[in-house]
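Residue numbers (my numbering), protein chains in the order written: chain A, 588 to 929; chain B, 36 to 256.
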Amino acid sequence: MPKKKPSHSYCLGIESTADDFGAAVVSFDGKVLSNANDAYLPKEGGIHPREAARHHAEVSEKVLAEAFETASVKPREISLVAFSQGPGLGPCLRTGATAARALASYLAVPLVGVNHCVGHIEIGKLATGAVDPVTLYVSGGNTIVSAFEAGKYRIFGETLDIAMGNCLDVFARAVGLQQRKGAPFGAVVEELARKGKKFVSLPYTVKGMDLSFSGLHTAAVNAFESNKGTVEDICYSLQEVAFSMLTEVTERALAHTQKPEVLLTGGVAANKKLQSMLKVVADEHGARFCVVPLKLAADNGAMIAWAGILAYNSGISTPIEKSFVNVKWRLEEVYAPWVEAK
Amino acid sequence: MRLGWRQNSVVLIKKGAEASLYLETWHDRKVIMKRRLPKKYRIPELDNMIRSQRTTHEPHIMHKAKEAGVPTPTILMVDVADANIVMEFVEGKQVKEVLDAVSKEERLSLCRLIGKMIGRLHKNGIIHGDLTTSNMILTPYGKVVFVDFGLSERSVELEPKGVDLHLMKRTLNSTHYKHAKECFKAIMDGYAESVGEKETKQVTAKIREIEKRGRYVADRE
């Protein structure tokens, strides 16, 4: 066992997989002292990787300064730098990785590359006290049902094409909805869905344990364009179908693994409708339902810092010469010895 | 319950996440009733649609399997509105129970037969979706009846065929580990009898690729 660090050790976590640039200071005993963030908002369309990376480079100094300031921790007091090493958009990842490498070598502290998906799971566990959950991780870039089994977070089901959040985003954009700071497309769709009355039939695609959302997205846009219902009705129907798919696969994983908890994490975890559906299933199986708090749901630096601490405490670090980003780094490729160390 | 159900001998034999199986007596016959119970988390419009679609799909694909020369239980009644399927109770033993108990010769010929049947399914564009030894029943007459087409789909692509057989291989490795290697080889020999050497080579390469992907590692039975 590695020596346990005293609680006044701090880790700086840097997150930059997609549109968010985040930096956070987390103490080794699991307190989130700061969680600064600046999101790239495209003027039109989706995330342009190069433009997002440019944004990250521009705001990095400001966001890092804010993270240190809010935490009242000086850079010199940091004993570990963690960064999001993948999966994600290459240019964005590289921007965060460059900042992390520079800081780690300047401060002469170890560097640890964190798998972004592991970050979402671990911060959810930290915030909710879940120990061994079936996790539904849903965001703009990922849709994964996983559970810990023999050293790794195993994937039980996942999307075969686009992610859940991506489906909502692309649909919202296609029907002319606007996102605002603090109210991303997912939240806008959720608001409208609450006013929906009529259910419009849309394709429900579960293949074994896997999911597909691209056909659903197209059908929803077509339903809107051919006036099958109001935009509220389509939002309502889209959510009902998509979330039922997610819930069905989560239930299968839960029935198979018999885990004691269900954890909902990632940006789409903020959706109340999805929360309520998963809760029904968790209750039926006698599992505790846990949902990541709103401020830790979307991509953030704190989750990277915390996952970095867990990895570092079990003897994992990433030498700078091996700190290349890995845009297709799969969740189940990551050994997670800290989970069994408990 | 309708249509002359006798409720006196209803036994729940399998409770799945998606459907439950009951052993019942129906018109003096021993039958299996597969029920897809409503899911509370889904709105009724959607729930009814999904359950009735699957209740229609499953017997249909079982019928297609029979056409392909693969024994499946006889369907006695399909109640789409209530999402119930009544089918023949197949007398025999699950392959899971017999595979390790019989002689090497019998085991290999059983595996060849299983492989031949899987080959017939795939050749006819049927992906079983849950090829485990508990979903195959060896009858006293030496036939292997394939059951539980709940996760099945129609496809002629290589990927789902590979996934199908990969699950078979995994089941052998986890449940019948003593004989897993020889059993899987015999299955692939039987498979080649149905689909030919060329296709078998492609599928075998696909299985290897899926293994390397490291996905589907977590065992699901």
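A virtual CB, placed ideally from N, CA and C, is assigned to each residue, including glycine. Keep in mind it's a predicted model, so treat the numbers as computed, not measured.
Below-9 Å beta-carbon distance, residue i vs any chain B residue
i: Leu851 of chain A; result: no
i: Met864 of chain A; result: yes
i: Arg875 of chain A; result: no
i: Leu779 of chain A; result: no
i: Gly795 of chain A; result: yes
i: Arg528 of chain A; result: In the structure as shown, chain A begins at 588 and stops at 929. Residue 528 of chain A is therefore absent and cannot be evaluated.
i: Tyr693 of chain A; result: no
i: Val776 of chain A; result: no
i: Glu927 of chain A; result: no
i: Val721 of chain A; result: no
i: Ser801 of chain A; result: no
i: Glu819 of chain A; result: no
i: Ala611 of chain A; result: no
Cutoff 7 Å; reference residue i; Cβ partners in own chain excluding five residues on either side
i: Leu883 of chain A; result: Ile710, Ala714, Ala889, Met890
i: Val855 of chain A; result: Val725, Ser726, Met751, Gly752, Gly773, Leu861
i: His933 of chain A; result: Since the displayed chain A opens at 588 and closes at 929, residue 933 of chain A lies outside it and no answer follows.
i: Val793 of chain A; result: Met832, Glu835, Val836
i: Trp916 of chain A; result: Gln672, Gly673, Pro674, Asn702
Any chain A beta carbon closer than 9 Å to residue i
i: Ile48 of chain B; result: no
i: Glu244 of chain B; result: no
i: Ala52 of chain B; result: yes
i: Ile96 of chain B; result: no
i: Leu81 of chain B; result: yes
i: Ile78 of chain B; result: yes
i: Lys75 of chain B; result: yes
i: Gly160 of chain B; result: no
i: Val84 of chain B; result: The sequence given here places Met at residue 84 of chain B; Val does not occur at that position. With 9 Å as the cut-off, Met84 of chain B counts as an interface residue toward chain A.
Residues near residue i in its chain [Cβ-Cβ closer than 6 Å; skip 5 each side]
i: Val125 of chain B; result: Pro108, Ile172, Val180
i: Gly744 of chain A; result: Val732, Met796, Asp797, Val836
i: Ala623 of chain A; result: Ala610, Val650, Glu653, Ala654
i: Trp893 of chain A; result: Val613, Glu709, Ile710, Leu713
Which listed residue (the options) has its alpha carbon closest to that of residue i
i: His211 of chain B; options: B:Lys49, B:Leu56, B:Val130; result: B:Val130
i: Gly609 of chain A; options: A:Val912, A:Leu690, A:Gly683; result: A:Gly683
i: Pro924 of chain A; options: A:Ile907, A:Ala898, A:Val612; result: A:Ala898
i: His163 of chain B; options: B:Met97, B:Ala52, B:Gly51; result: B:Met97
i: Ala116 of chain B; options: B:Val133, B:Glu102, B:Asp135, B:Asp82; result: B:Asp82
i: Asp199 of chain B; options: B:Thr167, B:Gly225, B:Lys99, B:Glu228; result: B:Thr167
i: Tyr724 of chain A; options: A:Val718, A:Gly716, A:Thr746; result: A:Thr746
i: Ile634 of chain A; options: A:Gly617, A:Gly600, A:Gly677; result: A:Gly677
i: Leu620 of chain A; options: A:Glu602, A:Thr604, A:Thr657; result: A:Thr657
i: Glu919 of chain A; options: A:Cys704, A:Arg688, A:Gly600; result: A:Cys704
i: Gly803 of chain A; options: A:Ser813, A:Ala885, A:Asp748, A:Leu789; result: One detail in the question is off: residue 803 of chain A reads as Leu in this sequence, not Gly. Of the listed residues, the one whose Cα sits closest to Leu803 of chain A is A:Leu789.
i: Ala717 of chain A; options: A:Pro847, A:Asp607, A:Ser671, A:Gly700; result: A:Pro847
i: Ile110 of chain B; options: B:Lys69, B:Met122, B:Thr91, B:Ile149; result: B:Met122
i: Phe830 of chain A; options: A:Thr844, A:Ser813, A:Gly673, A:Ala857; result: A:Ala857
i: Val46 of chain B; options: B:Lys65, B:Glu80, B:Lys213; result: B:Lys65
i: Asp886 of chain A; options: A:Gly728, A:Ser659, A:Thr685, A:His642; result: A:Gly728
i: Gly185 of chain B; options: B:Ala54, B:Lys50, B:Ile48; result: B:Ala54
i: Lys220 of chain B; options: B:Cys146, B:Lys74, B:Ala103; result: B:Cys146
i: Ala669 of chain A; options: A:Ile907, A:Tyr922, A:Asp607, A:Lys784; result: A:Ile907
i: Lys196 of chain B; options: B:Gly51, B:Gln237, B:Lys99, B:Lys216; result: B:Gln237
i: Gly127 of chain B; options: B:Tyr176, B:Leu72, B:Asn208; result: B:Tyr176
i: Ser209 of chain B; options: B:Ile120, B:Asp135, B:Gly160; result: B:Asp135
i: Met68 of chain B; options: B:Leu58, B:Tyr76, B:Glu246; result: B:Leu58
i: Arg663 of chain A; options: A:Ala686, A:Ala695, A:Leu764; result: A:Ala695
i: Glu188 of chain B; options: B:Lys204, B:Gly160, B:Ala215; result: B:Gly160
i: Val914 of chain A; options: A:Gly675, A:Leu628, A:Pro629, A:Ala605; result: A:Gly675
i: Ala689 of chain A; options: A:Val818, A:Val878, A:Leu599; result: A:Leu599
Cβ neighbours of residue i in the same chain (closer than 8 Å, five flanking residues each side left out)
i: Ser596 of chain A; result: Ser614, Phe615, Ser666, Leu667
i: Lys661 of chain A; result: Phe655
i: Ala644 of chain A; result: Thr682
i: Glu256 of chain B; result: With a pLDDT of 30 at Glu256 of chain B, under the threshold of 50, the predicted position of this residue should be treated as unreliable, and no value is reported.
i: Leu841 of chain A; result: Val721, Val849, Val868, Ala869, His872, Ala874
Cβ distance (whole Å) where residue i is taken to contact residue j below 8 Å
i: Arg637 of chain A; j: Val912 of chain A; result: Not quite, the Cβ-Cβ distance comes to about 15 Å (not below 8 Å), so this is no contact.
i: Ile78 of chain B; j: Tyr791 of chain A; result: Rounded, the Cβ-Cβ distance is 12 Å, inconsistent with contact.
i: Leu560 of chain A; j: Lys712 of chain A; result: Shown here, chain A extends from 588 to 929; a query on residue 560 of chain A therefore has no answer.
i: Ala761 of chain A; j: Tyr823 of chain A; result: Their Cβ separation, rounded to whole angstroms, is 17 Å, which puts Ala761 of chain A and Tyr823 of chain A out of contact at 8 Å.
i: Lys241 of chain B; j: Leu202 of chain B; result: That belief does not hold up - the Cβ atoms of Lys241 of chain B and Leu202 of chain B are roughly 13 Å apart, past 8 Å.
i: Ile933 of chain A; j: Ser671 of chain A; result: Because chain A in this structure spans residues 588 to 929, residue 933 of chain A falls outside the shown range and cannot be described.
i: Val699 of chain A; j: Gly895 of chain A; result: 4 Å
Any non-hydrogen atom of the ligand MG closer than 8 Å to residue i Cβ
i: Ala810 of chain A; result: Inclusion of the ligand MG in the displayed structure is not the case, the ligand content being empty and no account of it being possible.
Run through the segment 833 to 887 of chain A for me and flag every whole alpha helix (DSSP H) of 4 or more residues, listed as ranges in chain order. 859 to 871
Output the residue ranges of the alpha helix (DSSP H) runs that lie fully inside the segment 166 to 233 of chain B and measure 4 residues or longer, sorted by chain position. 193 to 210, 215 to 230
For the segment 82 to 161 of chain B, list the alpha helix (DSSP H) runs that are entirely contained and at least 4 residues long, ordered along the chain. 130 to 133, 139 to 158
Restricting to runs no shorter than 4 residues, where is the alpha helix (DSSP H) found entirely within the segment 638 to 694 of chain A? 677 to 694
Determine which residues of the segment 186 to 214 of chain B have a Cβ less than 7 Å from any Cβ of chain D, and write them out in chain order. Chain labels in this structure do not include chain D; the protein chains are A and B.
Would you list, in sequence order, the uninterrupted beta strand (DSSP E) runs of no fewer than 3 residues that lie entirely inside the segment 727 to 799 of chain A? 730 to 736, 739 to 745
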